[in-house]
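Asker: Below you'll find the structure I mean.
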Amino acid sequence: MGKIVAVHSYKGGTGKTLLSVNLAATFAKHGKKVCLFDLDFRAPSLFAILKVENTEFWLNDYLNGKCGINKVIVDLSSRLQGNGNFYAALANPATEAIRDMSAKDRKWEMRALGKLLSLRNTLLGEQKFDYLVFDTSPGLQYSSINAIVAADFVVVATTGDRSDVNGTRRMLRELYNLFEKKTGLVINKVLDSTSKSKKDEMDARIKNVYQVPMLGLVPCFCEVLRAEGNLIFAQDKPNHPFTKILDEMATKIEANEVN
Amino acid sequence: MTREEILSKKPLHVLEKIRENLERLNEKMEVMIELQKHGHKDIQLLPDTPLDVMTLLSMPDHLRKTAMTICRSGRATADEVSQQTSRARAVESAYLNQLVIMGYLKKERKGRKAYFYADRDSQG
């Protein structure tokens, strides 16, 4: 049976979407069957990054019970090299849809959790997907907690920012631990991590602060910023250091090396 | 069916009823024992509160584990839950019945088995 991997963070701007897209693309490059989900209903972004046009059904429709998941997932395998399969399920970016998703009540959220959990049977079980990657909204919101509860593994993206560090520590203790979730920490936008000694020192410090396994350290790459969301590095820049770091992370998750 | 056959079935039917009642009594006792162990603080009757993630977060750890298992499997017996949580069947039975009393789960009997589930469809 495949796995559901949720990418989450305490604050916004930690690079969740960048990590989600590239992690999913890397799994596909490794020959896996992958579906990337945009669960950030308040700020949908995958439709723009993946440049998908003429979407008939959105993930919103699936959660609203208007259609099955197969009407929503779009096959983007032809865009990637290799023999993997890459699909995406997109959130509706229309203002009205965002407003609608923000006004859902608790009973709707409970049913939405049931719909996310049932993907385990439909996509992982019947359709033999290897990975479902959930790109979530930051912080403690219904949609992101639903995604975490449904996931097998949570990639926690964080930066060196003090407020982010404190919030992430609290979330590890009061959210992921309570739901007994396996987690792997990714420190993004790291400065001065080029030398091995600096990297090791940082690794030890982070383990001490967060008390959870490290999945990866991602240096701040100007090329990533310069790309302005127009490139999927795992696909378009196969030799870039960022792509190599993502490759290591995906390999660790595939080998169950985290935790 | 002959008269003799009907008569021979009757004691069996009565015994079956007695067994069912004993099982229900046993479940109630299990809940009472658990309530005594944890005190009454866990039981807050909130009939309109759905079993969503915020409810799960606010639950005591021992009940959250049981409730999470039902959320994942959709519908399960105490025996099936105990296989997932590696806790004793009697313990899970008590926790499941507590969650029913609290209004988070529904219970349905089918023959000798009692199934527990979160009623997602009838709400809202």
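First to last, the protein sequences are chains B and E. Residues in the first sequence are numbered consecutively from 436, following the working numbering. Residues in the second sequence are numbered consecutively from 1474, following the working numbering. The C-beta atom is built at its ideal place from N, Cα and C for all residues, glycine as well. Note that the structure is predicted; figures quoted are calculated from it, not measured.
With a threshold of 8 Å between beta-carbons, can ARG541(B) be considered close to chain E, or not?
Answerer: Taking Cβ atoms only, chain E reaches closer than 8 Å to ARG541(B), which makes this a yes.
Asker: Where in the region 620-670 of chain B do unbroken runs of the beta strand (DSSP E), each at least 3 residues long, occur, reported from the N-terminal end onward?
Answerer: Segments of the beta strand (DSSP E) lying fully in the region 620-670 of chain B: 649-654.
Asker: Between ILE580(B) and chain E, is there a C-beta pair that is closer than 8 Å?
Answerer: So yes, ILE580(B) belongs to the interface.
Asker: Helix, strand or coil for GLU615(B) per DSSP?
Answerer: Looking at GLU615(B) - three-state DSSP - the assignment turns out to be coil, as it is neither helix nor strand.
Asker: Are the C-beta of VAL1526(E) and some C-beta of chain B separated by less than 8 Å?
Answerer: Closer than 8 Å to some Cβ of chain B, the Cβ of VAL1526(E) qualifies, so yes.
Asker: Mark GLY1597(E) as exposed unless 16 or more other C-beta atoms lie within 10 angstroms of its C-beta, in which case mark it buried.
Answerer: With a pLDDT of 41 at GLY1597(E), under the threshold of 50, the modelled position of that residue is not reliable, and the figure given next carries that caveat. GLY1597(E) is exposed by the Cβ-count criterion.
Asker: Would the beta-carbon of ILE504(B) fall within 8 Å of that of LEU554(B)?
Answerer: Yes.
Asker: Whether or not the region 671-690 of chain B and the region 522-535 of chain B are in contact is what I'm after, with contact meaning three or more pairs of Cβ atoms, one per stretch, closer than 8 Å; do they touch?
Answerer: No, the region 522-535 of chain B does not touch the region 671-690 of chain B.
Asker: Here's the rule: buried if 16 or more other CB atoms are within 10 angstroms of the residue's CB, otherwise exposed. What is ASN581(B)?
Answerer: Burial call: buried.
Asker: Are TYR445(B) and MET606(B) touching if we call contact CB-CB under 8 Å?
Answerer: Yes.
Asker: If you drop the 5 nearest sequence neighbours on each side, which residues of the same chain put their C-beta closer than 6 Å to that of ASP565(B)?
Answerer: The answer, listed in chain order, is GLY437, LYS467 and LYS468.
Asker: What do you get for ASN623(B), buried or exposed, if any count of 16 or more other CB atoms within 10 angstroms of its CB means buried?
Answerer: With 16 or more other Cβ atoms within 10 Å, it is buried.
Asker: Using the C-alpha atoms, what's the distance from LYS563(B) back to SER1555(E)?
Answerer: Approximately 28 Å, taken between the alpha carbons.
Asker: Contact between the region 581-590 of chain B and the region 1566-1582 of chain E: three or more CB pairs below 8 Å?
Answerer: With the cut-off at 8 Å, the region 581-590 of chain B and the region 1566-1582 of chain E do not touch.
Asker: From LEU1572(E) to HIS443(B), what does the alpha carbon distance come to, in whole angstroms?
Answerer: Roughly 30 Å separates the two Cα atoms.
Asker: Alpha carbon to alpha carbon, how far is LYS506(B) from THR449(B)? Give it in angstroms, no decimals.
Answerer: Roughly 31 Å separates the two Cα atoms.
Asker: From ASN694(B) to ASP570(B), what distance separates their C-alpha atoms?
Answerer: Confidence at ASN694(B) is low in this model, with a pLDDT of 49, below 50, so its placement is unreliable and no value can be given for it.
Asker: Run through DSSP, which three-state label would HIS675(B) get?
Answerer: The answer is coil: DSSP assigns HIS675(B) none of H, G, I, E or B.
Asker: Decide if ASN520(B) is buried, meaning its Cβ has at least 16 other Cβ atoms within 10 Å, or exposed.
Answerer: ASN520(B) is buried by the Cβ-count criterion.
Asker: Looking at PHE476(B) and LEU525(B), is the spacing between their C-beta atoms short of 8 Å?
Answerer: In this structure, PHE476(B) does not lie closer than 8 Å to LEU525(B) by Cβ.
Asker: Please return the same chain residues whose Cβ sits closer than 6 Å to the Cβ of PHE462(B), not counting the five positions on each side in sequence.
Answerer: Correct list, in chain order: VAL469, TYR566 and ALA685.
Asker: In the DSSP assignment, the alpha helix (DSSP H) including GLU1553(E) goes from what residue to what residue?
Answerer: Taken as a continuous stretch (DSSP letters only), the alpha helix (DSSP H) holding GLU1553(E) covers 1551-1558.
Asker: Name the chain B residues that come within less than 7 Å of LEU1530(E), Cβ to Cβ?
Answerer: LEU613, listed in chain order.
Asker: Can you find a heavy atom of the ligand NAD that lies under 7 Å from the Cβ of ASP540(B)?
Answerer: In the structure shown, the ligand NAD is absent, as is every other ligand, since no ligand is present at all.
Asker: Output needed in chain order: residues of the region 576-604 of chain B with a Cβ under 7 Å from some Cβ in chain E.
Answerer: Listed by position, the residues of the region 576-604 of chain B near chain E (Cβ gap below 7 Å) are TYR577, ILE580, ASN581 and VAL584.
Asker: Just how far apart, CA to CA, sit PHE656(B) and PHE677(B)?
Answerer: Cα to Cα, PHE656(B) sits roughly 8 Å from PHE677(B).
Asker: Do you know offhand how far LEU1524(E)'s Cα is from ALA1587(E)'s?
Answerer: Taking the straight line from one Cα to the other gives about 19 Å.
Asker: Quick one: what's got a C-beta closer than 8 Å to VAL644(B)'s C-beta in the same chain, skipping five residues either side?
Answerer: Hits under 8 Å: VAL600 and ARG604.
Asker: PHE462(B) lies in the alpha helix (DSSP H); which residues open and close that run?
Answerer: That run of the alpha helix (DSSP H) goes 451-464.
Asker: Less than 8 Å between CB atoms is the rule here; does ARG1593(E) satisfy it with respect to chain B?
Answerer: By this cut-off, ARG1593(E) is an interface position.
Asker: For GLN1557(E), which residues of its own chain have a beta-carbon under 7 Å away from its beta-carbon, when the five flanking residues on both sides are left out?
Answerer: Taken in chain order, the residues that qualify are THR1542.
Asker: Please check the pair LEU650(B) and GLY619(B), which I expect to be a contact at CB under 8 Å, by giving their CB distance rounded to whole angstroms.
Answerer: Right, their Cβ atoms sit about 3 Å apart.
Asker: Return the chain-ordered list of same chain residues with a C-beta closer than 6 Å to the C-beta of TYR577(B), the five sequence neighbours on each side being excluded.
Answerer: For TYR577(B), where only same-chain residues beyond five positions count, the Cβ hits under 6 Å are GLU544.
Asker: Should ASN694(B) be flagged as near chain E, meaning a C-beta pair shorter than 8 Å?
Answerer: Only weak support exists for where ASN694(B) lies, its pLDDT of 49 falling under 50; the coordinates are left without a value.
Asker: Could you check whether ALA441(B) and ALA669(B) sit closer than 8 Å to each other, using their CB atoms as the reference points?
Answerer: No.
Asker: Quick one: what does DSSP say ASN694(B) is sitting in, helix, strand or coil?
Answerer: Because the pLDDT at ASN694(B) is just 49, under 50, the model does not fix this residue reliably, and the point stays unresolved.
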